[in-house]
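K.L.:
Residues in the sequence shown are numbered from 2 upward in steps of one, following our numbering.
We put the beta carbon where it would ideally sit given N, CA and C, even for glycine.
Keep in mind the model is a prediction, meaning the values are calculated, not measured.
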Amino acid sequence: MPPVVEIRPSRGNMKMKILGISGSLRKDSFNRKLLQAAIELAPEGMEIEIFDRLGEIPFYNEDVEERGDPESVIALKKSIESADALLIATPEYNYSVPGALKNAIDWASRPPAPTVLNDKACGIIGASQGTGGTIRSQLALRQMLGSTNSPVLLKPETFIAKAQDKFGTDGKLTDESTRKHLASFLKKFSEWIVRSAEVQPSKAGQKKALETRSPPSLS
Ligand SMILES: Cc1cc2nc3c(=O)[nH]c(=O)nc-3n(C[C@H](O)[C@H](O)[C@H](O)COP(=O)(O)O)c2cc1C
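(1) For R27, verify whether its CB is less than 7 Å away from any heavy atom of ligand 1.
(2) Looking only at C-alpha atoms, which of M145, S197 and I75 sits nearest to D120?
(3) Can the beta-carbon of L142 be found less than 8 Å from the beta-carbon of A105?
(4) Under the criterion of a Cβ to heavy atom distance below 7 Å, does Q144 qualify as lining ligand 1?
(5) Taking 7 Å as the cut-off, is the CB of S80 close to at least one heavy atom of ligand 1?
(6) Among W108, V117, K103 and W193, which residue has its Cα nearest to the Cα of N150?
(7) Can you determine whether any heavy atom of ligand 1 sits closer than 7 Å to the C-beta of F60, and answer yes or no?
(8) Which residue comes first and which comes last in the beta strand (DSSP E) that contains I58?
(9) For ligand 1, is there a heavy atom less than 7 Å away from the beta-carbon of Q139?
(10) Would you be able to state if there are at least three C-beta pairs under 8 Å between the segment 105-114 and the segment 32-47?
(11) Report the CB separation of A101 from G24 in whole angstroms; it is logged as a contact under 8 Å.
(12) For V74, count neighbouring C-beta atoms within 10 Å of its own C-beta (all shown protein chains included) and say buried if the count is 16 or more, exposed if not.
(13) Do the segment 49-65 and the segment 154-172 meet, that is, are 3 or more Cβ pairs less than 8 Å apart?
(14) Determine the direct distance from the alpha carbon of P115 to that of L146, and round the result to whole angstroms.
(15) With DSSP collapsed to three states, give me the class of A141.
(16) Quick check: L55 and L36, are their CB atoms within less than 8 Å of each other?
(17) Which of helix, strand or coil does DSSP assign to G147?
(18) Is any non-hydrogen atom of ligand 1 found closer than 7 Å to the C-beta of F190, if you look at the structure I gave you?
(19) Among the residues of its own chain, which have a CB less than 6 Å from the CB of P10, if the five just before and after it don't count?
(20) Would you tell me roughly how many angstroms separate the C-alpha atoms of I19 and K79, rounded to the nearest one?
(21) Quick one: give me the first and last residue of the beta strand (DSSP E) that A128 is part of.
(22) Rank S138, D29 and E66 by C-alpha distance to the C-alpha of F160 and give the top, closest one.
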């Protein structure tokens with residue numbers, strides 16, 4: 002019997018592994034709570050793990066990089082590499098993404114191609130306390146992920162405005178229509194991740210292995 006290998010993205014009894022990244026460093030972040038809600042509402046087969054070390058990543062500096070990636074950057078790159086896709090929850094700071102998130106993307110995009118972000122499927126969500134719901138920061142993030150060659154799910158979009166009215170004091174997403182929307186977003190995100198793997202030549206081996214449950218041929 003051929004050995005069973007861990008193949009991503011997954012179907013059947015295998016898990017699709019998603020790395021959640023919140024662009025906010027604060028303890029009571031609504032974006033972090035949004036990722037927690039995503040963990041709760043994820044469709045069957047999707048497992049979301051949050052990368053919690055954004056605040057430890059130093060400012061990108063090519064001199065530092067030349068001496069070797071800092072440990073937090075190595076951890077970030079490994080987490081991205083081993084995930085089937087990224088789910089990024091971004092706040093909006095001055096119409097764009099917070100510096101900490103941009104900085105993490107800058108590190109992950111180095112050294113130039115192929116990087117751990119190349120061909121990495123991404124989903125973007127975001128929560129703000131204002132009425133815009135992070136529309137502008139999500140657009141900025143999409144533009145950035147174009148540079149890293151990371152395909153982003155186009156629709157549905159997920160803009161959570163007035164976040165302070167949608168989460169309970171225990172941090173749980175309580176707004177029913179937002180819960181429904183997030184669950185539907187995650188379902189479509191998971192279907193799109195599988196479809197992306199099917200059409201990308203670089204992942205064709207994964208897809209074949211997915212069907213046969215045997216290791217992809219190296220020839
Ligand atoms: C420096 C800074 C700039 C901000 N700029 C915006 C903005 O441009 N648009 C917006 O909707 N909210 C803006 N906000 C408010 C954030 O949306 C709000 O603080 C949100 O709760 C941050 O996300 P978090 O709860 O995940 O930390 C800004 C907040 C900070 C600290």
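P.N.:
From the atom records:
(1) Indexing the sequence shown from 1 puts residue 27 at position 26. Yes, the Cβ of R27 comes within 7 Å of a heavy atom of ligand 1.
(2) Position 119 of the sequence shown, counting from 1, holds the residue named residue 120. Closest by alpha carbon: S197.
(3) The count along the sequence shown starts at 1 and reaches residue 142 at position 141. The count along the sequence shown starts at 1 and reaches residue 105 at position 104. 8 Å or more divides the Cβ of L142 from the Cβ of A105.
(4) On the sequence shown, position 143 is the one that residue 144 refers to. For Q144, the distance from the CB to the nearest heavy atom of ligand 1 is not below 7 Å.
(5) Counting from 1 along the sequence shown, the entry for residue 80 is found at position 79. S80: no, Cβ never under 7 Å from ligand 1.
(6) In the sequence shown, the residue the question calls residue 150 occupies position 149. With distances taken between Cα atoms, N150 lies closest to V117.
(7) Counted from its first residue, the sequence shown places residue 60 at position 59. No, the Cβ of F60 stays beyond 7 Å of every heavy atom of ligand 1.
(8) As a first step, residue 58 must be located in the sequence shown, where it is residue number 57. Counting along the chain, no beta strand (DSSP E) covers I58, and no H or E run does either.
(9) Position 138 of the sequence shown holds residue 139. The nearest non-hydrogen atom of ligand 1 is 7 Å or more from the C-beta of Q139.
(10) No, the segment 32-47 does not touch the segment 105-114.
(11) Locating residue 101 in the sequence shown gives position 100, where the first residue counts as 1. Locating residue 24 in the sequence shown gives position 23, where the first residue counts as 1. Indeed, because the Cβ distance is near 7 Å, the residues count as touching under 8 Å.
(12) For the purposes of this step, residue 74 is identified with residue 73 of the sequence shown, where counting begins at 1. The residue in question, V74, is buried, as its Cβ has 16 or more Cβ neighbours within 10 Å.
(13) No, the segment 49-65 does not touch the segment 154-172.
(14) Stepping through the sequence shown from its first residue, residue 146 is reached at position 145. Stepping through the sequence shown from its first residue, residue 115 is reached at position 114. A direct Cα-to-Cα measurement between L146 and P115 gives close to 14 Å.
(15) Locating residue 141 in the sequence shown gives position 140, where the first residue counts as 1. Helix at A141.
(16) Looking up residue 55 in the sequence shown gives position 54. Looking up residue 36 in the sequence shown gives position 35. In this structure, L36 does not lie closer than 8 Å to L55 by Cβ.
(17) One-based indexing of the sequence shown puts residue 147 at position 146. Secondary structure at G147: helix, using DSSP grouped into helix, strand and coil.
(18) The residue labelled residue 190 in the question sits at position 189 within the sequence shown. No, the Cβ of F190 stays beyond 7 Å of every heavy atom of ligand 1.
(19) Here residue 10 refers to the residue found at position 9 when the sequence shown is read from its first residue. In this predicted model, P10 has a pLDDT of only 46, less than 50, meaning its place in the structure is not dependable; the value taken from the coordinates is given anyway. These residues qualify, in order along the chain: M17, D85, I194, V195 and A198.
(20) As a first step, residue 19 is located in the sequence shown; it is residue number 18 there, counting from the start. As a first step, residue 79 is located in the sequence shown; it is residue number 78 there, counting from the start. Separation of I19 and K79 (C-alpha to C-alpha, rounded to the nearest whole angstrom) is 13 Å.
(21) Residue numbering aside, residue 128 sits at position 127 when the sequence shown is read from its first letter. Unbroken beta strand (DSSP E) run through A128: A122 to A128.
(22) Indexing the sequence shown from 1 puts residue 160 at position 159. That would be S138, whose Cα lies nearest to the Cα of F160.
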